[in-house]
Every structure is written in C-alpha cells, then in structure tokens.
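Numbering (this note's numbering), first residue to last: 36 to 477. Beta carbons are placed, not taken as given, at the ideal position from N, Cα and C, and that holds for glycine. All figures in this text were calculated on a predicted structure; none of them were measured in a lab.
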C-alpha cells in the first residue's frame with residue numbers, strides 16, 4: 036500500500052520561523068518521523084506532496100521508495116502527477132502537521148473511506164479507496180478539504196502517539212509524550228524492580244535532553260562500557276573507598292545501559308549491530324567486574340571461608356574459573372544468536388515457551404515442572420542486571436564485601452555452569468527432535 040504524505044505550508048510559531056515539517060522532536064524532524072513511521076507500518080511507497088520552498092533531506096534509513104512532487108501555491112498544480120503515482124491502488128493520506136507514530140498507520144480498512152483518531156483527536160490520517168482518492172485530487176483544493184469528505188472514523192491502537200505541532204509549546208508537549216511512551220512496564224520480560232522505580236526515571240530524563248543532539252545510541256553504549264570497565268578496575272584495587280566508588284560507577288553504568296535503547300526507539304532507528312554491541316558490552320562489564328571483585332577481596336587480605344589463613348587468593352582464583360565458564364557459555368549463546376538471527380538474550384527462547392502457550396492448564400503440567408518454572412521465574416527477576424547491580428552496590432557500601440562476592444559468584448555460576456548445562460540439554464533435545472523427524476519422514 037502507498038501513502039501520500041501531504042505537507043501544507045505550515046509554520047511552527049515561536050520556533051525561529053521553521054516550517055512544521057522541519058521541527059525536530061526526539062532527534063527527528065516531523066517529516067523524518069512520519070516517513071520512518073510509514074515505513075515501520077509496512078507501506079510499500081511514500082508519495083510526498085510539498086510546497087517547493089520546503090527543503091527536506093533524504094533519510095538513509097528509509098528503504099522504501101519515496102517520490103516527491105513540489106507545488107508553489109496548491110497541490111492542485113501537481114494533481115495529475117499524484118494521480119499517476121497512486122496508480123490503481125487504495126491509498127493512505129497523511130496531512131503532516133503533527134508528530135505521529137507507526138501505530139497511527141496500522142489500520143488497513145477495505146471498502147470504506149475512513150479517518151483515524153487517537154482518543155478523540157483527529158490525526159489527519161485517512162485511508163481512501165482508489166476512486167475516492169482520484170476524485171479528491173481532481174477537486175480544487177481537494178486535499179485541504181479531505182476532512183469534510185470522509186465520514187467513517189476508526190480509532191488507532193492504544194499505543195498510537197500523535198500530537199499536533201503548531202507552536203513552541205507543542206514541541207515541548209510532544210517531546211514529553213514521546214518520552215513517556217518509552218517507559219516499559221514492570222515485568223519479567225520488561226523492566227525489573229530497580230529499573231522501573233530508579234533507573235528508568237533517571238535515564239528517560241537524560242534521553243529527553245540529549246534526543247536532539249548528535250549523540251548516537253552506540254556512543255551511549257560505549258560510554259556505559261567505559262564506566263563499567265572503570266568500575267571493574269577500581270574494585271580490583273582492594274581499597275574500601277575505591278570499591279565503594281566502583282559499585283556506584285557500576286550502578287551508573289547499569290542506568291546508562293537503558294539510554295541507548297531509549298534513544299533508538301525515540302528516533303525509530305533500531306539497529307541489529309547496535310543490539311549486538313549492547314549485548315557484548317553488558318557481558319564484558321559483568322565478567323570484568325566479577326574478576327575485579329575477586330581480585331579486590333584478595334587485595335584486602337580477607338581469608339576465604341574454611342580455608343584458613345593466607346587463603347584470600349582463592350577469591351581471585353575461583354573468580355577466574357567461573358568467569359572462564361561464563362566466557363564459554365556466552366560464546367555458545369552468541370553462536371546460537373547468529374544462527375537464529377537475533378542479537379540479545381531477551382529474544383532467545385528455550386523451547387518450553389511454546390509448550391506452555393499450547394498447554395495452559397496447570398493440571399496438565401507436572402508438579403515438578405511447575406515448581407521448576409516458578410523457581411526459574413523468580414530467578415529471572417533477581418537475575419536482571421538492574422537488580423543485582425543495585426544489590427551489590429548496597430552490600431559493598433555497607434562493607435559486606437564477602438556477601439556481595441558470593442551473591443555475584445552464585446549469579447555468575449548460573450550463567451557459566453548453568454548456561455553450559457542448559458545449552459547442552461537444548462542441543463541434545465534438538466538432536467532427538469531431528470532424529471524423530473527424519474524417522475517420521477522415512
């Protein structure tokens with residue numbers, strides 16, 4: 036389906052005389068946000084009707100076709116060209132004077148001319164049958180009268196984001212609405228407890244303030260990685276003051292970890308490479324901090340439990356062993372991610388998820404399996420980076436260094452040893468499935 040993006044000669048009052056289409060919100064101009072939203076809504080082509088004084092730059096992230104037609108006073112001048120560009124298809128029309136999101140274009144009504152609303156607000160987005168679109172374009176000032184020619188109304192999904200941009204205050208309100216929409220819910224597959232109540236409120240405020248800057252999500256990931264490595268180096272010194280500074284830096288690194296994703300979602304610029312970078316940076320930070328904490332306790336000279344005097348070196352030795360297992364486990368995960376075309380642990384499925392969806396009855400699942408799933412569910416909460424980073428910070432600040440070490444060691448062991456065992460079982464299960472499938476086909 037094609038979308039006709041009609042850009043009237045609107046100016047945004049109080050924003051240095053800028054045309055509305057070039058007002059920047061969340062790192063994108065209104066025009067760029069509309070084009071990326073149209074592309075994200077799976078349209079095949081964008082047809083742009085704009086007055087000739089308006090200059091818009093090509094967006095390298097727009098992969099679908101874009102045809103642009105300029106008019107001097109009214110789109111009636113180019114109506115013939117627009118009709119030819121539309122062809123014989125039904126079409127969506129967007130009168131661009133607002134910040135819009137992809138879900139505003141999610142509708143695909145058939146056999147009717149409809150307008151889209153968000154709440155009670157008319158969005159200036161319409162879906163027209165081909166004959167209605169052609170007739171409208173043949174009518175003098177038809178695009179300017181489109182509101183009065185369409186009677187049916189469809190409500191956009193609840194996730195839709197829309198706000199008219201005609202004044203400087205509108206730009207501030209639009210940015211606030213955009214920022215608010217980035218907030219994730221509290222849940223196992225979304226934000227953990229610390230992220231929801233502490234990290235996210237802080238990171239969103241930072242994201243909002245740097246949204247229109249040249250700073251990219253990958254730059255933020257790199258900054259978080261540098262802060263995390265600095266924390267690992269400081270905690271390895273074995274000085275209590277340095278260790279406290281280290282865990283505070285590590286907590287800051289955890290908070291910064293949310294900004295790169297917020298910026299990418301705010302700018303509608305998801306990146307597979309960026310997601311990979313974020314995943315690798317997180318794993319490097321976690322592994323090096325575990326090593327640093329082990330070395331820090333060795334430098335403090337505290338004896339390892341049950342091993343007598345002068346046994347503090349075992350804190351570091353055990354950290355090395357567990358971190359080596361983590362590297363093996365993480366590397367194995369990465370190999371699977373490449374095969375599956377994903378770049379994050381969040382997108383990885385073990386296989387039992389589909390079984391659970393198709394077998395929702397508690398009675399049909401064994402008691403042991405239900406208990407195991409409950410334990411796994413609880414661990415999923417505490418294993419989130421936001422939770423254990425905050426917990427380690429509190430423990431070290433309270434001088435409970437050994438407790439922090441053993442809690443982190445337990446988590447690292449789950450990732451290292453548990454990950455290797457789980458991946459081995461997954462491989463065996465996959466082999467059995469392939470063998471059974473081959474036998475059935477024979």
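Report task. Tell me whether the beta-carbon of residue 149 lies closer than 8 Å to the beta-carbon of residue 185. Result -> yes
Query raised in the report: From which residue to which residue does the alpha helix (DSSP H) around residue 289 run?
Result: 275 to 301
Query raised in the report: Does the region 94 to 103 touch the region 334 to 343, meaning 3 or more C-beta pairs lie closer than 8 Å?
Result: no
Query raised in the report: Based on the DSSP secondary-structure assignment, which residues constitute the bridge partners of residue 63?
Result: 60
**Report entry** Buried versus exposed call for residue 87 [16 or more other C-beta atoms within 10 Å across all chains shown]
**Finding:** exposed
Requested in this report: Count the CB pairs spanning the region 418 to 437 and the region 238 to 249 that are closer than 8 Å, and state whether there are at least three.
Outcome: no
Query raised in the report: Can you tell me whether DSSP reads residue 150 as helix, strand or coil?
Result: strand
Query - Where residue 56 falls, given that 16 or more other Cβ within 10 Å makes a residue buried - result: buried
Query raised in the report: By how many angstroms is the C-alpha of residue 239 removed from the C-alpha of residue 279?
Result: 26 Å
Requested in this report: Please check the pair residue 318 and residue 365, which I expect to be a contact at CB under 8 Å, by giving their CB distance rounded to whole angstroms.
Outcome: 5 Å
Query raised in the report: Secondary structure at residue 134, three-state DSSP: helix, strand or coil?
Result: strand
Query raised in the report: Going by C-alpha distance, which of 61, 300 and 141 is nearest residue 193?
Result: 141
Query raised in the report: In angstroms, rounded to a whole number, what distance separates the CA positions of residue 293 and residue 470?
Result: 42 Å
Query raised in the report: On the three-state DSSP scale, how would you describe residue 216?
Result: helix
Query raised in the report: Around the C-beta of residue 39, are 16 or more other C-beta atoms found within 10 angstroms, so that it is buried, or is it exposed?
Result: buried
Report task. Less than 8 Å between the CB atoms is what I'm expecting for residue 491 and residue 281, so what's the real figure, rounded? Result -> Residue 491 cannot be examined here, being either before or after the span of the chain that is shown, 36 to 477.
Report task. Within the same chain, show all residues whose beta-carbon is closer than 7 Å to that of residue 388, passing over the 5 residues directly before and after it, in chain order. Result -> Because the pLDDT at residue 388 is just 45, under 50, the model does not fix this residue reliably, and the point stays unresolved.
Report task. May I ask you to report which of helix, strand or coil DSSP gives residue 365? Result -> helix
Query raised in the report: Do you know offhand how far residue 75's Cα is from residue 302's?
Result: 12 Å
Query raised in the report: Would you call the CB atoms of residue 139 and residue 41 closer than 8 Å?
Result: no
Query raised in the report: In the structure shown, what three-state DSSP assignment does residue 158 receive?
Result: strand
Query raised in the report: Where do the N-terminal and C-terminal ends of the alpha helix (DSSP H) with residue 336 fall, by residue?
Result: That residue, residue 336, is in no alpha helix (DSSP H); it is neither H nor E in DSSP.
Query - Cβ neighbour criterion (16 or more within 10 Å) applied to residue 420 - result: buried
Query raised in the report: In or out: residue 307 buried (at least 16 other Cβ within 10 Å) or exposed?
Result: exposed
Query raised in the report: So, are the CB atoms of residue 222 and residue 361 less than 8 Å apart?
Result: no
Query - residue 110 classed as buried or exposed, judged by whether at least 16 other C-beta atoms fall within 10 angstroms - result: buried
Requested in this report: Look up residue 341 in the DSSP assignment and give the residues it is bridged to.
Outcome: BP columns for residue 341 are empty, so no partner.
**Report entry** Beta-carbon contacts of residue 392 that lie in its chain and below 8 Å, excluding the five residues immediately before and after
**Finding:** At residue 392, the pLDDT of 46 sits below 50, so the modelled position is not reliable; the number obtained from the coordinates is stated separately. Correct list: empty, nothing qualifies.
Query raised in the report: Hey, is the region 203 to 218 in contact with the region 168 to 182, meaning 3+ C-beta pairs nearer than 8 Å?
Result: no
Query raised in the report: Which parts of the region 68 to 100 are runs of the beta strand (DSSP E), unbroken and 3 residues or longer, counting only runs that do not cross its ends?
Result: 80 to 86
Query raised in the report: Helix, strand or coil for residue 238 per DSSP?
Result: helix
Requested in this report: Could you check how far apart the C-beta atoms of residue 262 and residue 283 are, in whole angstroms? I think they sit under 8 Å.
Outcome: Contact flag wrong, Cβ pair sits at about 10 Å.
**Report entry** Sufficient close CB pairs (3 or more, under 8 Å) joining the region 345 to 358 to the region 325 to 336
**Finding:** yes
Query - C-alpha distance - residue 59 paired with residue 464, whole-angstrom precision - result: 51 Å
**Report entry** Residues bridged to residue 41 (per DSSP)
**Finding:** 84 and 130
Report task. Output yes or no for whether 8 Å exceeds the beta carbon distance between residue 49 and residue 202. Result -> yes
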